[in-house]
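Chemist: Numbering (UniProt numbering), first residue to last: 1 to 539. Glycine residues also receive a C-beta, built at the ideal position from the N, C-alpha and C atoms. Attaching a single structure in structure tokens format; questions to follow.
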């Protein structure tokens with residue numbers, strides 16, 4: 001079953017590493033391209049527009065504030081319930097025929113500039129202006145270069161076409177429509193980010209100890225066979241079979257090219273059908289990961305040890321334990337249920353369970369043999385992350401990584417290769433997310449550090465694992481600090497994690513004089529017991 005798991009994880013490995021991003025959903029859009037000058041220099045902020053129809057609370061829409069006009073209230077309790085009136089003429093490019101006494105005027109986009117509409121609405125007695133876009137998307141309202149009358153005293157908010165038409169239809173049906181306009185601040189820290197940090201650190205911690213335990217068991221068994229000069233050792237050494245896959249330097253370098261091609265393909269083919277394909281692949285990998293972790297966990301209990309050590313031959317899969325056969329149906333049902341009901345509000349729990357077990361399984365199977373490969377891999381991932389989050393905007397006019405992570409244009413709530421938790425105390429809601437690559441790539445280095453420590457029989461304080469684990473935690477913490485300072489705009493997590501983890505490992509290795517061994521061998525020298533016995537005999 002190991003070979004099947006390794007094959008599946010190998011197919012999914014590149015897809016899992018595509019997204020290396022932390023995201024909370026940006027509510028403030030810092031735009032350096034749109035014109036900005038005194039009197040017309042507001043940030044583009046999202047605006048909540050809750051509505052009441054004949055006094056009964058109805059839908060809540062989201063609009064975007066303009067470059068011009070006063071800033072909106074940040075708290076709902078301070079925002080007034082104000083009646084909405086339709087402009088006549090609808091475009092509000094000339095003085096309205098209807099008399100306004102502090103209402104919010106609802107107008108259509110077009111025929112004249114945004115500031116002209118706002119000025120006319122203000123002179124007519126409106127307290128704010130809602131501009132309906134002619135598309136379902138939102139548009140950034142700016143001041144024209146030749147405009148001088150931009151000292152506007154009422155807020156201007158653009159609504160998507162469907163929201164504006166709904167309000168318009170209610171008013172035309174003689175209903176009394178009132179709204180609130182406010183733009184709440186995002187909290188500095190949400191509990192979702194704390195739990196996401198704990199999940200990422202805990203996942204690497206569990207995967208590292210499992211990987212190190214497996215390596216130590218293998219080393220102990222080989223040492224015993226070597227000491228006994230057993231023919232079995234010679235046989236196992238020549239079989240070439242390994243329960244794990246080692247990444248080479250060439251594979252680490254090619255990661256950037258292959259991952260970039262996959263990312264661009266996802267970006268270009270981002271549609272609902274393509275996300276469905278990713279969901280199927282994720283479910284397959286999730287079944288493998290959940291099954292592997294459950295079998296390993298249950299095998300620790302003596303009630304399941306016999307079932308875990310008794311095998312039956314199955315075509316294509318080879319020898320499979322009875323415990324695996326018992327667990328697999330549950331894993332398949334779990335993954336299928338998540339796939340079918342992944343749009344419900346609590347589906348993130350199933351996605352995180354499948355994701356964590358898949359990450360742990362990958363970190364158990366895939367390994368870096370030495371620090372050289374780890375350095376090349378993380379350095380390439382570092383450049384890959386920065387390019388596709390920041391630099392790609394120059395070519396594609398938007399961040400390719402952020403678009404793929406959010407699942408824009410697909411009608412889905414992001415791709416499944418993410419861990420996510422709902423932002424519980426955020427008035428804007430949404431999810432805090434972290435890409436699999438932000439856990440797997442540095443996790444390979446952290447797991448390598450613990451394997452080396454255990455094989456070298458180092459204590460926790462003398463080894464590298466504690467330092468590598470702490471460096472990862474600090475790097476991820478700095479990522480979330482940067483995320484909140486940038487108002488939730490997606491951050492390339494490896495930009496902060498790689499310098500912390502890799503820099504700490506390299507510095508500590510050089511200081512202790514073990515950098516050469518770590519860089520080349522990747523494991524301590526284990527003396528042959530026969531040579532030791534011969535030396536003791538000669539003495």
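To which residues of the same chain is residue 305 closer than 8 Å at the C-beta, ignoring the five residues directly before and after it?
Modeler: Position 305 of the chain shown, counting from 1, holds the residue named residue 305. For residue 305, where only same-chain residues beyond five positions count, the Cβ hits under 8 Å are 299.
Chemist: Can you give the Cα-Cα distance for residue 176 and residue 415, rounded to whole angstroms?
Modeler: Residue 176 sits at position 176 when you count from the first residue of the chain shown. Residue 415 sits at position 415 when you count from the first residue of the chain shown. Roughly 41 Å separates the two Cα atoms.
Chemist: Given residue 148, which residues of its chain have a CB within under 6 Å of its CB, disregarding the five upstream and five downstream residues?
Modeler: Here the question's residue 148 lines up with position 148 in the chain shown. Contacts found: none.
Chemist: Could you give the DSSP three-state label for residue 60: helix, strand or coil?
Modeler: In the chain shown, counting from the first residue as 1, residue 60 sits at position 60. Here residue 60 sits in strand by DSSP.
Chemist: Could you pull the DSSP bridge partners for residue 432 from this structure?
Modeler: In the chain shown, residue 432 corresponds to position 432, counting from 1. 421, per the DSSP bridge assignment.
Chemist: Given a threshold of 16 other Cβ atoms within 10 Å of its Cβ, counted over all protein chains shown, does residue 452 qualify as buried or as exposed?
Modeler: Stepping through the chain shown from its first residue, residue 452 is reached at position 452. Answer is buried; the Cβ neighbour count reaches 16.
Chemist: Could you tell me which of 87, 153, 172, 111 sits nearest to residue 130, measuring between CA atoms?
Modeler: Looking up residue 130 in the chain shown gives position 130. It is 87.
Chemist: Roughly how many whole angstroms lie between the Cα atoms of residue 515 and residue 375?
Modeler: Locating residue 515 in the chain shown gives position 515, where the first residue counts as 1. Locating residue 375 in the chain shown gives position 375, where the first residue counts as 1. Rounded to the nearest angstrom, the two C-alpha atoms are 12 Å apart.
Chemist: If residue 47 and residue 72 are in contact, beta carbons under 8 Å, what's the gap, nearest whole angstrom?
Modeler: As a first step, residue 47 is located in the chain shown; it is residue number 47 there, counting from the start. As a first step, residue 72 is located in the chain shown; it is residue number 72 there, counting from the start. Right, their Cβ atoms sit about 6 Å apart.
Chemist: How about residue 140 and residue 64: do their beta carbons lie closer than 9 Å?
Modeler: For the purposes of this step, residue 140 is identified with residue 140 of the chain shown, where counting begins at 1. For the purposes of this step, residue 64 is identified with residue 64 of the chain shown, where counting begins at 1. The answer is yes: Cβ separation under 9 Å.
Chemist: In whole angstroms, what separates the C-alpha of residue 233 from that of residue 521?
Modeler: Within the chain shown, numbered from 1, the residue matching residue 233 stands at position 233. Within the chain shown, numbered from 1, the residue matching residue 521 stands at position 521. With a pLDDT of 45 at residue 233, under the threshold of 50, the predicted position of this residue should be treated as unreliable, though the coordinate-derived value follows. One C-alpha to the other measures close to 21 Å.
Chemist: Short of 6 Å in beta carbon distance, which residues of its chain neighbour residue 524, apart from the five on each side in sequence? Order them along the chain.
Modeler: If you number the chain shown from 1, residue 524 lands on position 524. Counting only Cβ-Cβ distances below 6 Å, and skipping sequence neighbours, we find 455, 456.
Chemist: Mapping the DSSP letters down to three states, classify residue 302 as helix, strand or coil.
Modeler: The residue given as residue 302 occupies position 302 in the chain shown. Helix, per DSSP.
Chemist: Determine the burial state of residue 261: buried for a count of at least 16 other Cβ atoms within 10 Å of its Cβ, exposed for fewer.
Modeler: By one-based count along the chain shown, residue 261 stands at place 261. Exposed, by the Cβ-count rule.
Chemist: Could you say which of 325, 284, 179, 45 lies nearest to residue 85 if we only look at CA atoms?
Modeler: Position 85 of the chain shown, counted from the first residue, corresponds to residue 85. Minimum Cα distance to residue 85 is reached at 179.
Chemist: Mapping DSSP to helix, strand and coil, what is residue 458?
Modeler: For the purposes of this step, residue 458 is taken as the residue at position 458 of the chain shown. Reduced to three states, the DSSP call for residue 458 is coil.
Chemist: Just how far apart, CA to CA, sit residue 396 and residue 282?
Modeler: Locating residue 396 in the chain shown gives position 396, where the first residue counts as 1. Locating residue 282 in the chain shown gives position 282, where the first residue counts as 1. Answer to the nearest angstrom: the Cα atoms are 27 Å apart.
Chemist: Would the C-beta of residue 305 count as close to the ligand ATP, meaning under 8 Å from any of its heavy atoms?
Modeler: Absence of the ligand ATP is noted for the structure shown, with no ligands found whatsoever.
Chemist: Exposed or buried, residue 277, counting other C-beta atoms within 10 Å across all chains shown (16 or more means buried)?
Modeler: Within the chain shown, the letter at position 277 stands for residue 277. With fewer than 16 Cβ atoms within 10 Å of its Cβ, residue 277 is classed as exposed.
Chemist: If you check the beta carbons only, do residue 389 and residue 402 fall under 9 Å apart?
Modeler: Against the chain shown, residue 389 aligns to sequence position 389. Against the chain shown, residue 402 aligns to sequence position 402. Yes; because the gap between Cβ atoms is below 9 Å, this pair is in contact.
Chemist: Does the distance from the C-beta atom of residue 476 to that of residue 438 stay below 9 Å?
Modeler: For this step, residue 476 is matched to residue 476 along the chain shown. For this step, residue 438 is matched to residue 438 along the chain shown. Cβ atoms of residue 476 and residue 438: closer than 9 Å.
Chemist: Rounded to whole angstroms, what is the Cα-Cα separation between residue 42 and residue 143?
Modeler: Here the question's residue 42 lines up with position 42 in the chain shown. Here the question's residue 143 lines up with position 143 in the chain shown. Their backbone Cα atoms lie some 11 Å apart in a straight line.
Chemist: For residue 148, does the three-state DSSP call read helix, strand or coil?
Modeler: By one-based count along the chain shown, residue 148 stands at place 148. In this structure, residue 148 counts as coil in the three-state DSSP scheme.
Chemist: Touch check for the segment 260-275 and the segment 328-336: three-plus C-beta pairs under 8 Å?
Modeler: The segment 260-275 is not in contact with the segment 328-336.
Chemist: List the residues that DSSP assigns as beta-bridge partners of residue 267.
Modeler: The residue you call residue 267 lines up with position 267 of the chain shown. Paired residue(s): none; residue 267 is not in a bridge.
Chemist: Quick check: the Cα distance between residue 32 and residue 44, rounded to an integer number of angstroms?
Modeler: As a position in the chain shown, residue 32 is number 32, starting the count at 1. As a position in the chain shown, residue 44 is number 44, starting the count at 1. Caution applies to residue 32, whose pLDDT of 47 falls short of 50 and renders its modelled position unreliable; the model cannot decide the point.
Chemist: Could you check where the beta strand (DSSP E) with residue 52 kicks off and where it finishes?
Modeler: Position 52 of the chain shown, counted from the first residue, corresponds to residue 52. Segment 44-53, the beta strand (DSSP E) holding residue 52.
Chemist: Between residue 292 and residue 165, what straight-line distance do the alpha-carbon atoms span, to the nearest angstrom?
Modeler: The sequence position of residue 292 within the chain shown is 292, counting from 1. The sequence position of residue 165 within the chain shown is 165, counting from 1. Those two C-alpha atoms are separated by around 52 Å.
Chemist: Can you grab the Cα-Cα spacing for the pair residue 322 / residue 328, in whole Å?
Modeler: Counting from one through the chain shown, the residue named residue 322 turns up at place 322. Counting from one through the chain shown, the residue named residue 328 turns up at place 328. About 10 Å.
Chemist: Of the residues 478, 313, 502, 504, which one's Cα is nearest the Cα of residue 492?
Modeler: The sequence position of residue 492 within the chain shown is 492, counting from 1. That would be 478, whose Cα lies nearest to the Cα of residue 492.
Chemist: Between residue 53 and residue 188, what straight-line distance do the alpha-carbon atoms span, to the nearest angstrom?
Modeler: As a working mapping, residue 53 is identified with position 53 in the chain shown. As a working mapping, residue 188 is identified with position 188 in the chain shown. Computed Cα separation, rounded: 34 Å.
Chemist: Starting from the Cα of residue 90, find the closest Cα among 66, 111, 254 and give me that residue.
Modeler: On the chain shown, position 90 is the one that residue 90 refers to. Taking only the C-alpha atoms, the option nearest residue 90 is 111.
Chemist: Whole angstroms is fine: what's the gap from residue 272's alpha carbon to residue 502's?
Modeler: Sequence index remark: in the chain shown, residue 272 carries index 272 (1-based). Sequence index remark: in the chain shown, residue 502 carries index 502 (1-based). Whole-angstrom Cα-Cα distance: 38 Å.
Chemist: Just how far apart, CA to CA, sit residue 469 and residue 404?
Modeler: Numbered from 1 along the chain shown, position 469 holds the residue referred to as residue 469. Numbered from 1 along the chain shown, position 404 holds the residue referred to as residue 404. C-alpha separation (whole angstroms): 29 Å.
Chemist: For the beta strand (DSSP E) that residue 318 lies in, which residues bound it at each end?
Modeler: What you label residue 318 is simply residue 318 of the chain shown in a count that begins at 1. Where residue 318 is concerned, the enclosing beta strand (DSSP E) stretches over 318-321.
Chemist: Would you kindly work out how many angstroms separate the C-alpha atoms of residue 484 and residue 155, rounded to a whole number?
Modeler: Counting from one through the chain shown, the residue named residue 484 turns up at place 484. Counting from one through the chain shown, the residue named residue 155 turns up at place 155. Distance between the alpha carbons of residue 484 and residue 155 is about 26 Å.
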